[in-house]
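Residue numbers (my numbering): 72 to 549. Glycine included, every Cβ here is placed at the ideal spot set by N, Cα and C. Remember, it's a predicted structure, so these values are computed and weren't measured experimentally. Taking it in order: structure first as C-alpha coordinates, then the write-up.
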(Lines of atoms letter the chains of each structure in order from A; the text may use other names.)
(Lines give C-alpha, C1' and ligand atoms only; values in the text may rest on other atoms or scores of the structure.)
Protein backbone atom coordinates (compact mmCIF):
# COMPACT_ATOMS: atom_id res chain seq x y z
CA UNK A 72 0.00 0.00 0.00
CA UNK A 73 1.17 3.48 -0.89
CA UNK A 74 0.51 6.81 0.83
CA UNK A 75 -1.02 9.26 -1.66
CA UNK A 76 -2.32 12.20 0.40
CA UNK A 77 -2.53 13.68 3.89
CA UNK A 78 -4.59 16.30 5.70
CA UNK A 79 -3.34 17.49 9.10
CA UNK A 80 -5.41 19.45 11.62
CA UNK A 81 -4.92 20.84 15.14
CA UNK A 82 -1.35 19.67 15.65
CA UNK A 83 1.12 22.20 17.05
CA UNK A 84 1.32 25.09 14.54
CA UNK A 85 -0.95 23.29 12.07
CA UNK A 86 -4.61 24.18 12.43
CA UNK A 87 -5.57 23.02 8.94
CA UNK A 88 -2.79 22.13 6.52
CA UNK A 89 -5.12 21.64 3.56
CA UNK A 90 -5.14 18.24 1.90
CA UNK A 91 -1.88 17.70 0.00
CA UNK A 92 -0.69 14.96 -2.32
CA UNK A 93 2.26 12.72 -1.49
CA UNK A 94 4.47 11.13 -4.13
CA UNK A 95 7.26 8.56 -4.04
CA UNK A 96 9.50 11.50 -3.18
CA UNK A 97 7.95 14.56 -1.55
CA UNK A 98 10.02 17.64 -0.69
CA UNK A 99 8.58 20.11 1.84
CA UNK A 100 10.17 23.54 1.36
CA UNK A 101 9.65 26.47 3.70
CA UNK A 102 11.19 29.06 5.99
CA UNK A 103 12.39 28.36 9.53
CA UNK A 104 9.46 27.99 11.94
CA UNK A 105 7.03 27.42 9.06
CA UNK A 106 5.84 24.14 10.60
CA UNK A 107 7.70 21.60 8.45
CA UNK A 108 8.71 19.49 11.45
CA UNK A 109 5.11 19.49 12.72
CA UNK A 110 3.97 18.06 9.38
CA UNK A 111 6.49 15.22 9.60
CA UNK A 112 5.78 14.41 13.24
CA UNK A 113 2.03 14.35 12.63
CA UNK A 114 2.68 11.71 9.95
CA UNK A 115 5.15 9.88 12.20
CA UNK A 116 2.47 9.35 14.84
CA UNK A 117 0.30 7.26 12.49
CA UNK A 118 2.45 4.15 12.93
CA UNK A 119 5.89 5.06 14.30
CA UNK A 120 9.05 2.99 14.05
CA UNK A 121 10.02 3.71 17.63
CA UNK A 122 8.30 5.05 20.72
CA UNK A 123 6.16 8.07 19.86
CA UNK A 124 2.56 9.02 20.47
CA UNK A 125 0.56 12.21 20.34
CA UNK A 126 0.23 14.13 23.61
CA UNK A 127 -2.57 16.60 24.23
CA UNK A 128 -0.51 19.12 26.23
CA UNK A 129 2.48 19.06 23.90
CA UNK A 130 0.78 18.70 20.52
CA UNK A 131 -2.65 20.33 20.59
CA UNK A 132 -2.50 23.99 19.41
CA UNK A 133 -1.61 25.89 22.57
CA UNK A 134 -4.06 28.74 22.04
CA UNK A 135 -6.95 26.26 22.05
CA UNK A 136 -5.64 23.90 24.75
CA UNK A 137 -7.73 25.37 27.58
CA UNK A 138 -10.86 24.64 25.53
CA UNK A 139 -9.86 21.13 24.43
CA UNK A 140 -12.65 19.37 26.34
CA UNK A 141 -15.27 21.85 25.13
CA UNK A 142 -14.14 21.52 21.52
CA UNK A 143 -13.75 17.73 21.70
CA UNK A 144 -16.61 16.28 23.74
CA UNK A 145 -15.49 12.68 23.14
CA UNK A 146 -11.95 13.44 24.32
CA UNK A 147 -10.29 12.93 20.96
CA UNK A 148 -9.11 15.32 18.25
CA UNK A 149 -8.16 14.22 14.75
CA UNK A 150 -4.54 14.95 13.84
CA UNK A 151 -4.14 13.41 10.42
CA UNK A 152 -6.31 11.79 7.77
CA UNK A 153 -4.37 9.93 5.09
CA UNK A 154 -5.33 8.27 1.84
CA UNK A 155 -3.61 5.15 0.56
CA UNK A 156 -3.83 3.17 -2.66
CA UNK A 157 -3.68 -0.59 -2.27
CA UNK A 158 -1.07 -2.63 -4.12
CA UNK A 159 -1.90 -5.69 -6.19
CA UNK A 160 -0.47 -7.80 -3.36
CA UNK A 161 -2.87 -6.18 -0.86
CA UNK A 162 -5.85 -6.75 -3.15
CA UNK A 163 -4.90 -10.37 -3.78
CA UNK A 164 -4.85 -11.06 -0.03
CA UNK A 165 -8.42 -9.77 0.26
CA UNK A 166 -9.57 -11.61 -2.87
CA UNK A 167 -8.17 -14.84 -1.49
CA UNK A 168 -10.34 -14.52 1.62
CA UNK A 169 -13.50 -12.81 0.34
CA UNK A 170 -13.49 -12.72 -3.46
CA UNK A 171 -12.80 -10.17 -6.17
CA UNK A 172 -15.84 -8.01 -5.33
CA UNK A 173 -15.05 -7.60 -1.62
CA UNK A 174 -13.50 -4.17 -2.23
CA UNK A 175 -15.30 -1.55 -4.32
CA UNK A 176 -12.10 0.35 -5.17
CA UNK A 177 -8.38 0.51 -4.30
CA UNK A 178 -8.38 3.58 -2.04
CA UNK A 179 -8.56 3.47 1.77
CA UNK A 180 -8.33 6.13 4.48
CA UNK A 181 -6.44 5.90 7.76
CA UNK A 182 -6.77 8.53 10.50
CA UNK A 183 -5.07 9.09 13.85
CA UNK A 184 -6.23 11.16 16.83
CA UNK A 185 -4.93 12.87 19.93
CA UNK A 186 -6.65 11.02 22.78
CA UNK A 187 -6.69 7.62 21.04
CA UNK A 188 -3.86 5.17 20.46
CA UNK A 189 -5.60 3.21 17.70
CA UNK A 190 -5.83 3.99 14.01
CA UNK A 191 -9.21 4.57 12.38
CA UNK A 192 -9.60 2.89 9.00
CA UNK A 193 -12.18 3.57 6.30
CA UNK A 194 -12.26 0.89 3.63
CA UNK A 195 -14.57 0.38 0.61
CA UNK A 196 -15.79 -3.01 1.81
CA UNK A 197 -18.87 -4.58 0.22
CA UNK A 198 -20.10 -6.79 3.05
CA UNK A 199 -22.83 -8.38 0.92
CA UNK A 200 -20.27 -9.56 -1.63
CA UNK A 201 -18.08 -10.91 1.19
CA UNK A 202 -21.02 -12.89 2.53
CA UNK A 203 -21.97 -14.16 -0.94
CA UNK A 204 -18.40 -15.34 -1.48
CA UNK A 205 -18.53 -17.42 1.72
CA UNK A 206 -21.95 -18.78 0.78
CA UNK A 207 -20.47 -19.92 -2.53
CA UNK A 208 -17.34 -21.22 -0.77
CA UNK A 209 -19.38 -23.57 1.39
CA UNK A 210 -21.56 -24.62 -1.56
CA UNK A 211 -24.91 -23.83 0.03
CA UNK A 212 -27.95 -25.24 -1.74
CA UNK A 213 -30.90 -22.96 -2.55
CA UNK A 214 -32.83 -24.28 0.46
CA UNK A 215 -29.86 -23.49 2.72
CA UNK A 216 -29.53 -20.00 1.23
CA UNK A 217 -33.16 -19.02 1.83
CA UNK A 218 -32.79 -17.99 5.51
CA UNK A 219 -29.94 -15.65 4.51
CA UNK A 220 -31.71 -13.82 1.68
CA UNK A 221 -32.11 -10.64 3.78
CA UNK A 222 -28.62 -10.75 5.31
CA UNK A 223 -26.05 -8.27 4.00
CA UNK A 224 -23.35 -8.46 6.67
CA UNK A 225 -21.73 -10.93 9.04
CA UNK A 226 -23.59 -9.89 12.20
CA UNK A 227 -27.00 -10.33 10.60
CA UNK A 228 -26.01 -13.68 9.09
CA UNK A 229 -24.72 -14.92 12.47
CA UNK A 230 -27.97 -13.90 14.20
CA UNK A 231 -30.08 -15.71 11.56
CA UNK A 232 -28.00 -18.88 11.57
CA UNK A 233 -27.84 -19.01 15.37
CA UNK A 234 -31.64 -18.94 15.62
CA UNK A 235 -32.20 -21.78 13.15
CA UNK A 236 -33.57 -24.88 14.93
CA UNK A 237 -31.48 -27.10 12.70
CA UNK A 238 -28.42 -26.45 10.55
CA UNK A 239 -26.79 -28.50 7.83
CA UNK A 240 -23.07 -29.21 7.86
CA UNK A 241 -22.55 -26.47 5.26
CA UNK A 242 -24.41 -23.93 7.40
CA UNK A 243 -22.44 -24.95 10.48
CA UNK A 244 -19.17 -24.44 8.58
CA UNK A 245 -20.35 -21.02 7.41
CA UNK A 246 -21.40 -20.04 10.93
CA UNK A 247 -18.07 -21.18 12.32
CA UNK A 248 -16.16 -18.96 9.89
CA UNK A 249 -18.42 -15.98 10.53
CA UNK A 250 -17.92 -16.38 14.27
CA UNK A 251 -14.15 -16.38 13.74
CA UNK A 252 -14.22 -12.90 12.20
CA UNK A 253 -12.70 -10.01 14.16
CA UNK A 254 -15.72 -8.74 16.16
CA UNK A 255 -17.95 -10.60 13.70
CA UNK A 256 -17.25 -7.88 11.14
CA UNK A 257 -15.97 -8.12 7.55
CA UNK A 258 -14.62 -4.57 7.81
CA UNK A 259 -12.43 -5.38 10.79
CA UNK A 260 -11.27 -8.65 9.30
CA UNK A 261 -10.15 -6.96 6.08
CA UNK A 262 -8.45 -4.22 8.10
CA UNK A 263 -6.56 -6.95 9.98
CA UNK A 264 -5.45 -8.42 6.65
CA UNK A 265 -4.33 -5.09 5.20
CA UNK A 266 -2.70 -3.72 8.36
CA UNK A 267 0.03 -6.35 8.13
CA UNK A 268 1.23 -4.68 4.94
CA UNK A 269 0.92 -1.12 6.21
CA UNK A 270 4.37 0.49 6.39
CA UNK A 271 5.72 2.03 9.55
CA UNK A 272 6.95 5.62 9.59
CA UNK A 273 10.65 6.15 10.29
CA UNK A 274 11.60 9.67 11.43
CA UNK A 275 15.02 11.20 11.89
CA UNK A 276 16.27 14.78 12.00
CA UNK A 277 19.62 16.47 11.38
CA UNK A 278 20.05 16.66 15.18
CA UNK A 279 19.99 12.85 15.51
CA UNK A 280 23.63 11.74 15.62
CA UNK A 281 25.30 8.74 17.18
CA UNK A 282 27.15 9.07 20.47
CA UNK A 283 30.92 8.94 20.05
CA UNK A 284 31.69 7.64 23.56
CA UNK A 285 29.40 5.19 25.31
CA UNK A 286 29.37 3.74 28.81
CA UNK A 287 27.77 0.32 28.50
CA UNK A 288 26.74 0.37 32.17
CA UNK A 289 24.99 3.75 31.77
CA UNK A 290 23.26 2.91 28.49
CA UNK A 291 21.95 -0.35 29.96
CA UNK A 292 20.54 1.49 32.99
CA UNK A 293 18.96 4.15 30.76
CA UNK A 294 17.40 1.47 28.57
CA UNK A 295 15.86 -0.28 31.57
CA UNK A 296 14.48 3.03 32.86
CA UNK A 297 13.22 3.96 29.36
CA UNK A 298 15.07 7.27 29.32
CA UNK A 299 17.65 6.51 26.65
CA UNK A 300 18.83 9.44 24.53
CA UNK A 301 18.40 9.57 20.76
CA UNK A 302 22.19 9.50 20.30
CA UNK A 303 22.49 6.32 22.37
CA UNK A 304 19.46 4.80 20.60
CA UNK A 305 21.30 5.20 17.29
CA UNK A 306 24.31 3.44 18.82
CA UNK A 307 22.04 0.55 19.85
CA UNK A 308 20.72 0.38 16.28
CA UNK A 309 24.32 0.16 15.10
CA UNK A 310 25.08 -2.64 17.58
CA UNK A 311 22.01 -4.62 16.54
CA UNK A 312 22.92 -4.24 12.89
CA UNK A 313 26.45 -5.44 13.72
CA UNK A 314 24.94 -8.54 15.32
CA UNK A 315 25.80 -7.82 18.94
CA UNK A 316 24.18 -6.18 21.98
CA UNK A 317 24.97 -4.17 25.09
CA UNK A 318 24.61 -7.36 27.16
CA UNK A 319 27.28 -9.06 25.06
CA UNK A 320 29.55 -6.03 25.30
CA UNK A 321 29.07 -5.74 29.06
CA UNK A 322 30.04 -9.34 29.69
CA UNK A 323 32.65 -9.41 26.97
CA UNK A 324 35.73 -11.57 27.35
CA UNK A 325 36.51 -11.79 23.61
CA UNK A 326 37.04 -8.12 22.78
CA UNK A 327 38.68 -8.82 19.43
CA UNK A 328 35.65 -10.78 18.21
CA UNK A 329 33.24 -8.02 19.25
CA UNK A 330 35.48 -5.33 17.82
CA UNK A 331 35.61 -7.23 14.53
CA UNK A 332 31.80 -7.37 14.40
CA UNK A 333 31.48 -3.63 15.01
CA UNK A 334 34.23 -2.71 12.57
CA UNK A 335 32.73 -5.00 9.93
CA UNK A 336 29.41 -3.17 10.23
CA UNK A 337 31.07 0.26 10.24
CA UNK A 338 33.15 -0.63 7.18
CA UNK A 339 30.04 -1.71 5.29
CA UNK A 340 28.24 1.53 6.18
CA UNK A 341 31.29 3.66 5.36
CA UNK A 342 31.77 1.94 1.99
CA UNK A 343 28.18 2.76 1.10
CA UNK A 344 28.62 6.38 2.18
CA UNK A 345 31.66 6.80 -0.07
CA UNK A 346 29.68 5.71 -3.10
CA UNK A 347 27.83 9.01 -2.68
CA UNK A 348 30.21 11.14 -0.57
CA UNK A 349 32.44 13.24 -2.82
CA UNK A 350 33.83 15.55 -0.12
CA UNK A 351 36.64 13.46 1.35
CA UNK A 352 37.25 9.77 0.74
CA UNK A 353 40.20 9.54 3.13
CA UNK A 354 38.04 8.82 6.18
CA UNK A 355 37.73 5.62 8.20
CA UNK A 356 35.62 4.74 11.25
CA UNK A 357 37.50 3.09 14.13
CA UNK A 358 35.73 1.25 16.97
CA UNK A 359 37.62 0.93 20.26
CA UNK A 360 36.26 -1.30 23.05
CA UNK A 361 37.94 -1.24 26.44
CA UNK A 362 37.61 -0.74 30.18
CA UNK A 363 37.02 2.61 31.86
CA UNK A 364 39.93 4.18 33.73
CA UNK A 365 39.77 5.77 37.16
CA UNK A 366 41.11 9.09 35.89
CA UNK A 367 38.34 9.43 33.28
CA UNK A 368 35.17 11.37 33.97
CA UNK A 369 32.08 9.49 35.15
CA UNK A 370 30.38 7.45 33.79
CA UNK A 371 33.35 6.62 31.54
CA UNK A 372 35.61 5.64 34.44
CA UNK A 373 34.31 2.11 34.97
CA UNK A 374 32.83 -0.80 33.09
CA UNK A 375 33.01 -1.39 29.35
CA UNK A 376 33.52 1.79 27.31
CA UNK A 377 33.07 2.05 23.55
CA UNK A 378 34.79 4.89 21.72
CA UNK A 379 34.14 5.71 18.08
CA UNK A 380 36.79 7.72 16.26
CA UNK A 381 37.25 8.96 12.71
CA UNK A 382 40.64 8.53 11.05
CA UNK A 383 41.78 10.83 8.25
CA UNK A 384 44.27 8.69 6.32
CA UNK A 385 45.63 11.71 4.44
CA UNK A 386 46.64 13.53 7.62
CA UNK A 387 47.19 10.30 9.60
CA UNK A 388 45.20 11.54 12.56
CA UNK A 389 42.17 10.26 14.47
CA UNK A 390 39.60 12.40 16.25
CA UNK A 391 36.53 11.54 18.35
CA UNK A 392 33.31 11.13 16.40
CA UNK A 393 31.86 14.20 18.11
CA UNK A 394 34.69 16.36 16.71
CA UNK A 395 34.34 15.16 13.14
CA UNK A 396 32.39 16.92 10.39
CA UNK A 397 28.77 17.08 11.57
CA UNK A 398 27.63 16.25 8.04
CA UNK A 399 29.64 13.01 7.87
CA UNK A 400 28.55 12.01 11.38
CA UNK A 401 24.89 12.59 10.45
CA UNK A 402 25.27 10.51 7.28
CA UNK A 403 26.92 7.66 9.22
CA UNK A 404 24.25 7.87 11.96
CA UNK A 405 21.40 7.87 9.45
CA UNK A 406 22.75 4.81 7.64
CA UNK A 407 23.20 3.00 10.98
CA UNK A 408 19.50 3.55 11.69
CA UNK A 409 18.43 2.78 8.14
CA UNK A 410 20.40 -0.48 7.94
CA UNK A 411 18.78 -1.70 11.16
CA UNK A 412 15.37 -0.59 9.88
CA UNK A 413 15.90 -2.68 6.73
CA UNK A 414 17.05 -5.63 8.83
CA UNK A 415 14.05 -5.61 11.17
CA UNK A 416 11.06 -3.91 9.56
CA UNK A 417 11.91 -3.20 5.94
CA UNK A 418 8.58 -1.70 4.92
CA UNK A 419 8.63 1.97 5.93
CA UNK A 420 7.83 5.51 4.85
CA UNK A 421 11.00 7.52 5.55
CA UNK A 422 10.62 10.99 7.08
CA UNK A 423 13.78 13.11 6.99
CA UNK A 424 13.73 16.41 8.86
CA UNK A 425 16.27 18.84 7.35
CA UNK A 426 18.60 16.03 6.18
CA UNK A 427 22.17 17.11 5.57
CA UNK A 428 21.60 20.57 7.02
CA UNK A 429 25.29 20.93 7.90
CA UNK A 430 26.55 19.54 4.59
CA UNK A 431 28.27 21.59 1.90
CA UNK A 432 26.05 22.30 -1.12
CA UNK A 433 27.83 19.64 -3.23
CA UNK A 434 27.48 17.10 -0.43
CA UNK A 435 23.76 17.91 -0.21
CA UNK A 436 23.50 17.07 -3.90
CA UNK A 437 25.27 13.77 -3.11
CA UNK A 438 22.73 13.10 -0.36
CA UNK A 439 19.84 13.84 -2.70
CA UNK A 440 21.33 11.39 -5.19
CA UNK A 441 21.56 8.77 -2.42
CA UNK A 442 17.89 9.30 -1.56
CA UNK A 443 16.84 8.88 -5.17
CA UNK A 444 19.07 5.90 -5.98
CA UNK A 445 19.03 3.92 -2.72
CA UNK A 446 15.88 4.84 -0.82
CA UNK A 447 13.23 5.47 -3.47
CA UNK A 448 13.35 2.02 -5.13
CA UNK A 449 11.89 0.50 -1.94
CA UNK A 450 10.55 3.37 0.17
CA UNK A 451 8.51 6.50 -0.03
CA UNK A 452 10.54 9.47 1.23
CA UNK A 453 9.18 12.73 2.62
CA UNK A 454 11.76 15.31 3.66
CA UNK A 455 11.95 18.95 4.68
CA UNK A 456 14.50 21.50 3.60
CA UNK A 457 15.23 25.17 3.19
CA UNK A 458 18.38 24.54 1.16
CA UNK A 459 18.22 25.16 -2.59
CA UNK A 460 20.64 22.26 -3.11
CA UNK A 461 18.15 19.82 -1.58
CA UNK A 462 15.28 20.83 -3.86
CA UNK A 463 14.96 18.11 -6.55
CA UNK A 464 15.37 20.01 -9.83
CA UNK A 465 14.13 17.09 -11.90
CA UNK A 466 11.12 16.46 -9.68
CA UNK A 467 9.63 19.91 -9.25
CA UNK A 468 6.09 18.53 -9.30
CA UNK A 469 7.03 16.72 -6.06
CA UNK A 470 7.74 19.96 -4.17
CA UNK A 471 5.25 21.20 -1.59
CA UNK A 472 5.51 24.69 -0.13
CA UNK A 473 5.03 25.01 3.65
CA UNK A 474 4.27 28.40 5.19
CA UNK A 475 2.89 29.76 8.44
CA UNK A 476 0.04 31.93 7.17
CA UNK A 477 -0.75 35.10 9.12
CA UNK A 478 -3.05 37.74 7.68
CA UNK A 479 -3.64 41.31 8.79
CA UNK A 480 -6.99 43.02 8.42
CA UNK A 481 -6.54 46.53 9.70
CA UNK A 482 -5.35 46.16 13.29
CA UNK A 483 -6.61 42.60 13.50
CA UNK A 484 -4.14 39.72 13.14
CA UNK A 485 -5.61 36.46 11.84
CA UNK A 486 -3.47 33.37 12.43
CA UNK A 487 -4.29 30.58 9.98
CA UNK A 488 -1.34 28.39 10.95
CA UNK A 489 0.80 26.10 8.82
CA UNK A 490 -0.44 25.47 5.30
CA UNK A 491 0.89 23.06 2.67
CA UNK A 492 0.50 23.88 -1.01
CA UNK A 493 1.71 22.60 -4.37
CA UNK A 494 1.03 25.99 -5.97
CA UNK A 495 4.36 27.80 -5.89
CA UNK A 496 2.75 30.97 -7.24
CA UNK A 497 0.33 31.31 -4.33
CA UNK A 498 2.80 31.79 -1.47
CA UNK A 499 4.89 34.71 -0.21
CA UNK A 500 8.24 35.68 -1.75
CA UNK A 501 10.33 34.79 1.31
CA UNK A 502 8.97 31.25 1.37
CA UNK A 503 9.85 30.87 -2.32
CA UNK A 504 13.37 32.27 -1.90
CA UNK A 505 15.21 28.92 -1.82
CA UNK A 506 13.03 27.57 -4.61
CA UNK A 507 14.01 30.52 -6.81
CA UNK A 508 17.70 30.20 -5.89
CA UNK A 509 17.61 26.56 -7.00
CA UNK A 510 15.92 27.44 -10.31
CA UNK A 511 18.46 30.20 -10.95
CA UNK A 512 21.41 27.96 -10.03
CA UNK A 513 20.24 25.13 -12.28
CA UNK A 514 19.47 27.57 -15.10
CA UNK A 515 22.87 29.29 -14.89
CA UNK A 516 24.69 25.95 -14.81
CA UNK A 517 22.75 24.65 -17.81
CA UNK A 518 21.33 21.71 -15.87
CA UNK A 519 17.69 22.79 -15.76
CA UNK A 520 15.83 19.88 -17.39
CA UNK A 521 13.49 20.48 -20.29
CA UNK A 522 10.60 18.97 -18.32
CA UNK A 523 11.20 21.55 -15.57
CA UNK A 524 11.08 24.35 -18.14
CA UNK A 525 7.74 22.96 -19.28
CA UNK A 526 6.59 22.84 -15.64
CA UNK A 527 7.66 26.45 -15.11
CA UNK A 528 6.06 27.96 -18.21
CA UNK A 529 2.56 26.80 -17.42
CA UNK A 530 2.08 30.26 -15.96
CA UNK A 531 5.35 32.05 -16.78
CA UNK A 532 8.11 32.15 -19.37
CA UNK A 533 11.62 32.72 -18.03
CA UNK A 534 14.01 34.32 -20.54
CA UNK A 535 17.61 34.96 -19.66
CA UNK A 536 18.59 35.50 -23.26
CA UNK A 537 16.59 34.56 -26.32
CA UNK A 538 18.55 32.00 -28.34
CA UNK A 539 17.74 29.49 -31.04
CA UNK A 540 18.18 26.69 -28.48
CA UNK A 541 15.63 28.25 -26.14
CA UNK A 542 13.20 28.87 -29.00
CA UNK A 543 13.48 25.21 -30.00
CA UNK A 544 12.44 24.20 -26.47
CA UNK A 545 9.41 26.50 -26.57
CA UNK A 546 8.47 25.72 -30.18
CA UNK A 547 4.79 24.97 -30.44
CA UNK A 548 4.07 26.40 -26.97
CA UNK A 549 4.21 30.18 -27.62
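Residues bridged to residue i [DSSP beta-bridge criterion]
i           : result
residue 78  : 152
residue 98  : 454, 470
residue 180 : 154, 193
residue 185 : 148
residue 132 : DSSP lists no partner for residue 132.
residue 174 : 196
Proximity to residue i [Cα-Cα], best of the options
i           : options            : result
residue 363 : 470, 339, 285      : 285
residue 170 : 365, 139, 208      : 208
residue 149 : 316, 399, 85       : 85
residue 479 : 487, 472, 425      : 487
residue 433 : 348, 408, 467, 420 : 348
residue 234 : 415, 204, 451, 219 : 219
residue 74  : 88, 180, 172, 361  : 180
residue 98  : 257, 137, 426      : 426
residue 452 : 443, 437, 82, 421  : 421
residue 435 : 398, 467, 450, 159 : 398
residue 191 : 414, 265, 176, 382 : 265
residue 301 : 193, 176, 121      : 121
residue 390 : 369, 418, 407, 358 : 358
residue 90  : 267, 457, 473, 164 : 473
residue 378 : 393, 403, 237      : 393
residue 430 : 395, 418, 177      : 395
residue 117 : 82, 138, 145       : 82
residue 257 : 450, 417, 194      : 194
residue 93  : 102, 103, 79, 204  : 79
residue 361 : 328, 381, 352      : 328
residue 445 : 297, 343, 494, 232 : 343
residue 463 : 443, 450, 103      : 443
residue 283 : 318, 159, 441, 403 : 403
residue 355 : 335, 268, 384, 370 : 384
Contacts around residue i, its chain only, beta-carbon distance under 8 Å, and the 5 residues preceding and following it disregarded
i           : result
residue 522 : Bear in mind that the predicted position of residue 522 carries a pLDDT of just 48, short of 50, making it unreliable; the figure below should be weighed with that in mind. Contacts found: 465.
residue 299 : 290, 293, 307
residue 366 : 372
residue 223 : 198, 199, 202
residue 259 : 252, 253
residue 227 : 221
residue 244 : 209
For residue i, the three-state DSSP class (helix, strand or coil)
i           : result
residue 525 : Because residue 525 carries a pLDDT of 47, less than 50, the predicted location of this residue cannot be relied on, and the following value inherits that uncertainty. Residue 525: helix per DSSP, three-state reduction.
residue 73  : strand
residue 162 : helix
residue 274 : strand
residue 483 : strand
residue 105 : coil
residue 83  : coil
residue 424 : strand
residue 491 : strand
residue 430 : coil
residue 622 : A query on residue 622 cannot be resolved here, the shown segment of the chain reaching from 72 to 549 and no further.
residue 215 : helix
residue 92  : strand
residue 546 : The pLDDT assigned to residue 546 is 45, lower than 50, so where the model puts this residue is not dependable, and the model offers no usable value.
residue 476 : strand
residue 463 : coil
residue 235 : coil
residue 447 : coil
residue 419 : strand
Beta-carbon contacts of residue i that lie in its chain and below 6 Å, excluding the five residues immediately before and after
i           : result
residue 424 : 108, 111, 276, 455
residue 119 : 272
residue 288 : 374
residue 105 : 473, 474, 475
residue 418 : 270
Cβ neighbours of residue i in the same chain (closer than 7 Å, five flanking residues each side left out)
i           : result
residue 311 : 411
residue 187 : 147
residue 314 : 332
residue 481 : none
residue 172 : 197, 200
residue 326 : 360
Proximity test, residue i beta-carbon vs the ligand SAH heavy atom, cut-off 7 Å
i           : result
residue 385 : As presented, the structure is devoid of all ligands, the ligand SAH included, so that no description of it is given.
Contained beta strand (DSSP E) runs [length at least 3] in the stretch 312 to 389, N- to C-terminal order: 354 to 362, 375 to 383
Which full runs of the beta strand (DSSP E) of 3+ residues lie inside the stretch 247 to 311, going along the chain? 271 to 276, 284 to 286
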